[in-house]
Each structure stands twice: as C-alpha cells, then as structure tokens.
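Take a look at the structure set out below.
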Amino acid sequence: MDEMAPAVALPLAPLAESPMEITRLKLMADAAAAAGLLAADPAEEAEARGGRASGSGNGARSVYLMDYSPLWGSTSICGLRPEMEDAVAAVPRFFELPMRMVAADRVLDGLDPSSIRLPAHFFGVYDGHGGAQVADYCRDRIHSALVEELQRARADGSGEQKQWERAFVECFRQVDDEVGGKARRTAGGGGDDGSSVLSDPVAPETVGSTAVVAVVCSSHIIVANCGDSRAVLCRGKQPVALSVDHKPNREDEYARIEAEGGKVIQWNGYRVLGVLAMSRSIGDRYLKPWIIPVPEVKIIPRTKEDECLILASDGLWDVMSNEEACDAARRRILHWHKKNGGSSTSSSRGEEADPASQAAADYLSNLALKKGSKDNITVIVIDLKAQRKFKTKT
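Start counting the sequence shown at 1; every next residue gets the next number (UniProt numbering).
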C-alpha cells in the first residue's frame, strides 16, 4: 500500500475535568438529545459508535458527544495501471464543528447551538486522470480549504443543508482555482495586505481528479462528491448510497453539458467531447465550462444501525455493487474482531489506521483486483460501530 501523505489536524480542546465544566457538558448533551441528535439510550449509543464514555447517565452522554472518534483503514493499489494516480486523505479531528451546522438555528432548551462544538473527522478519496498532480493537491488541500470556509460560515437561518452546500461548493471551487493558478485566499482573505496571492498552475490543463469526501461527527455524516468516485453507507446490513456518480449520460448532466454548447459522444463509453468519462471534476481546464468542480452534497443523521462507511474510487465500483461492497466490508470487520477477541488493539481512537477497518479496506481492494478491475483502486473503510458485542460459546 502506498504511504499516505501526512495531514495535520487542528487542535481539539481537551475534555472537561472540573465539576463546573462537566455540569455544562451535561446541559449541552441534554439539549442535543432533545433535538434528536442522540439516541434515547446514550450509553448504548456511545458504546455502539465507539465514543469514549466515563461514568453513567448524562455524564456518559456528554463525554460521548464531545469526544467521538471513528476507526478507519485505507488502501491504495496501482492495479493494472502503469502509474498510481489515486490519492487518499484521513484527517481525524480536523475541525471543531459548531452544532448549528447540524442543528441549524434551532434553540436547544435555551442554549445557542453555535456554542456547542463537536469534533469532526475528514476522509477523502481522489481519483486522478492524466497524471497524479491534481489528486495529490486535493489530498493535501481540500480539508484545509474546507476549514477556511467553515470558519467563514455565519448563521443565517438557511438550514444545515444550505450551509454545507455553500461551504463545500466554495471549497471545491477554491481548490479548482488554485489548481488552475488563479488567486488563492488565505485564512485572512488574501495576502498580508489584503491582495490576491497568485501561484503557478498545479498541473497541465489536461490533468484532473474526482473528489468524494466525508465529514463524520457524533451525530451526522456529510458527504460531498464531484466525479465518479463514490460514498456508500452500510446501515442495518443494507447499502445506502450517499453520492450519485457524475457521468455524462446522466440525464441532468447530459442536459447541462448540451446547454453549454458541449457534446457527449459515445467513444468507448459516454464521454464529454469524446474524451472524459465523467461530467464533473477538479482540474481539466481544457474541458471547461462543460466539466465543472461543483459537488453534490448530502447530510444524513447517524443511527444505531450504521455499520460502516465506504469511500472508494471507481476501480472498486467498476467491478463491485454497493450491496457486495457493504456486505464484504461488514463481514470482514466482524471477522477481524471475532478472530482477535472482539476488541481493536488501536488505542489512538482514530488518530491512526485501525486494524479491523484496515483489514476490510485491504480485502475490498484485493477482491476488486481479482474481479478484473483494470484501474487504480483506493478504498477507505470507516467503522461506525467500533465497540461490538459478541456472543461467547459456553
């Protein structure tokens, strides 16, 4: 497996220790439960999702709410391609998310949702074409660009879906501009004097990349997709597609391209101008305005039935259905836990790859290769139910 480039996570405030702070967290957790962000049995939900809990009752609920960390594993294999053009990012605790981003402007028992912050974790798969430069740039940049957008976000009553759409669309457009050598903003809004910061293009105009990314926190999963990589949730043994591939023959995408004066041509599959087999991407400047960097965004509340989340490039999905991938990942995670005593040896709680999730990611990529995948194959498996109960034989 190719070594993952390091990504720096933003600092997270430590858990409360004082009685006053614990009381404050209890009140916030009760408010979150009233809003439907937590299950009726918080201790069971915390255990099911792998949240670190201490004490009992509301205390366990508050600690679970404030310190959730998923377990994950990833793999990238070149497969039958001569070069590796995929990239993958896992950035635990990349941002402290204001609860208003998942609860909008609802007042929770008199508390302002913007005062409650949840640790959020970032995962991304980037499938490059024409070269690896854009995928590598996305791996290193998209999560930090998203942080910049989230820090700029203001409560405006538009609802969580609109807030996330705005943040992700601006994030992806910003990264696309940077890839093309256009002005880059900094966290302060430009250069030291407020001017634009210009840079050289990251890659030639014929290079681009897909991007499918997920933000995971204790209550929600938010997915943004641009291209034909895919995110699928395994919920109660059933797959739930969290993204829809951007293909030129998709009815709405075909109509958009034609309206802009472009053409979708059948040439070894449907392609924009007979060249690119996807209708959205980051980069690919030579195919604009028909190829756009605008993601589709989906926000979904988590449930106790959630097993795992899979993000993967089309090297997996070309040869495997959503159902098959979810079933294989779920079974491989369970197999690892049963074989190794039912508990993960990872003590970092999401700071590094988890062996059970890693086993699932490795299995999926190798299975895709055996099924005849001819592309690079990149897979992230995120275990959403890290603490599992097993029946023991007596």
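Every residue, glycine too, gets a C-beta built ideally from N, C-alpha and C. The model shown is predicted, which means the values in this text are computed figures rather than measured ones.
Excluding the five sequence neighbours on either side, which residues of its own chain have a C-beta within less than 7 Å of the C-beta of residue i, listed in chain order?
{"i": "V169", "result": "V294, P295"}
{"i": "G274", "result": "I265, W267"}
{"i": "E165", "result": "V297"}
{"i": "G189", "result": "Residue placement at G189 is flagged as unreliable, the pLDDT there being 45, under the threshold of 50; the coordinate-derived value follows with that caveat. So no residue of the chain qualifies."}
{"i": "I282", "result": "V134, C138, F172, V175, D176, V179, G208, S209, A211, C226, P293"}
{"i": "K162", "result": "none"}
{"i": "V272", "result": "P248, I257, G262, V264, S279, L287, W290, I291"}
Reducing DSSP to helix, strand and coil, say where residue i ends up.
{"i": "V102", "result": "helix"}
{"i": "G315", "result": "helix"}
{"i": "V175", "result": "helix"}
{"i": "P355", "result": "helix"}
{"i": "A132", "result": "coil"}
{"i": "E85", "result": "coil"}
{"i": "G188", "result": "Since pLDDT at G188 reaches only 45, below the 50 mark, its modelled position is unreliable, and the value read off the structure follows with that caveat. Three-state DSSP puts G188 in coil, outside helix and strand."}
{"i": "Y68", "result": "coil"}
{"i": "residue 454", "result": "This structure cannot settle anything about residue 454, because the visible part of the chain is limited to 1 through 394."}
{"i": "S115", "result": "helix"}
{"i": "E96", "result": "strand"}
{"i": "V147", "result": "helix"}
{"i": "A368", "result": "helix"}
{"i": "V207", "result": "coil"}
{"i": "D362", "result": "helix"}
{"i": "R154", "result": "coil"}
{"i": "K374", "result": "coil"}
{"i": "V169", "result": "helix"}
Looking at the secondary structure, which residues open and close the beta strand (DSSP E) in which residue i lies?
{"i": "E307", "result": "306-312"}
{"i": "A224", "result": "220-226"}
{"i": "W336", "result": "Segment 322-339 is the alpha helix (DSSP H) holding W336; no beta strand (DSSP E) there."}
{"i": "D383", "result": "377-383"}
{"i": "V275", "result": "Unbroken run through V275: none, as it is neither H nor E."}
{"i": "E296", "result": "296-301"}
{"i": "V213", "result": "211-216"}
{"i": "residue 396", "result": "With the chain represented from 1 up to 394, any question about residue 396 goes unanswered, as that position is not in the structure."}
{"i": "V202", "result": "It is not in any beta strand (DSSP E) - V202 carries neither H nor E in the DSSP assignment."}
{"i": "V264", "result": "264-266"}
{"i": "V244", "result": "No beta strand (DSSP E) contains V244, which DSSP labels as neither H nor E."}
Whose C-alpha, out of the options, is nearest the C-alpha of residue i?
{"i": "S241", "options": "I257, V223, A255", "result": "It is Ala, not Ser, that sits at residue 241 in the sequence shown. Closest option to A241, Cα to Cα, is V223."}
{"i": "P98", "options": "S313, E160, E83", "result": "E160"}
{"i": "P301", "options": "R250, G73, P248, V102", "result": "V102"}
{"i": "V319", "options": "A368, Y254, R154, G128", "result": "A368"}
{"i": "I377", "options": "I282, E148, S229, L309", "result": "S229"}
{"i": "R141", "options": "Y254, C234, I292, F123", "result": "F123"}
{"i": "R330", "options": "A312, N340, L384", "result": "L384"}
{"i": "H335", "options": "S321, P355, A259", "result": "P355"}
{"i": "A145", "options": "R117, F95, D306, Y254", "result": "F95"}
{"i": "H246", "options": "S373, S279, W317", "result": "S279"}
{"i": "R100", "options": "A89, L118, A90", "result": "L118"}
Could you give the distance in angstroms between the alpha-carbon of residue i and the alpha-carbon of residue j?
{"i": "G130", "j": "R81", "result": "12 Å"}
{"i": "L71", "j": "D176", "result": "30 Å"}
{"i": "A360", "j": "S243", "result": "21 Å"}
{"i": "C226", "j": "A353", "result": "25 Å"}
{"i": "D375", "j": "E205", "result": "22 Å"}
{"i": "A328", "j": "S76", "result": "17 Å"}
{"i": "L276", "j": "P239", "result": "28 Å"}
{"i": "S365", "j": "V147", "result": "30 Å"}
{"i": "G341", "j": "S219", "result": "28 Å"}
{"i": "V202", "j": "H337", "result": "43 Å"}
{"i": "M84", "j": "A312", "result": "15 Å"}
{"i": "E323", "j": "H143", "result": "29 Å"}
{"i": "P289", "j": "R152", "result": "27 Å"}
{"i": "S321", "j": "S357", "result": "19 Å"}
{"i": "K304", "j": "A90", "result": "23 Å"}
{"i": "Y286", "j": "K237", "result": "43 Å"}
{"i": "S74", "j": "K371", "result": "19 Å"}
{"i": "E260", "j": "D284", "result": "16 Å"}
{"i": "D362", "j": "V213", "result": "19 Å"}
{"i": "S199", "j": "G128", "result": "21 Å"}
{"i": "A255", "j": "Y270", "result": "14 Å"}
Among the residues of its own chain, which have a CB less than 6 Å from the CB of residue i, if the five just before and after it don't count?
{"i": "Y126", "result": "A87, A135, C138, R139, S209, A211"}
{"i": "A40", "result": "Residue placement at A40 is poorly supported in this model, since its pLDDT is 37, which falls under 50; the coordinates are not used for a value here."}
{"i": "D314", "result": "D228"}
{"i": "V216", "result": "P70, H121"}
{"i": "A132", "result": "E85"}
{"i": "residue 399", "result": "An answer regarding residue 399 cannot be provided, because it is not within the stretch 1 to 394 covered by the chain."}
{"i": "E149", "result": "A167, E170, C171"}
Could you give the first and the last residue of the continuous alpha helix (DSSP H) run that contains residue i?
{"i": "Y286", "result": "Here Y286 belongs to no alpha helix (DSSP H), and DSSP marks it neither H nor E."}
{"i": "E258", "result": "251-259"}
Residue i CB to nearest chain C CB: under 8 Å?
{"i": "E307", "result": "Among the chains of the structure shown, chain C does not appear; only one protein chain is present."}
Once the 5 residues before and after residue i are set aside, which same chain residues still bring their CB inside 8 Å of it?
{"i": "S373", "result": "G79, L80, G315, L316, D318, V319"}
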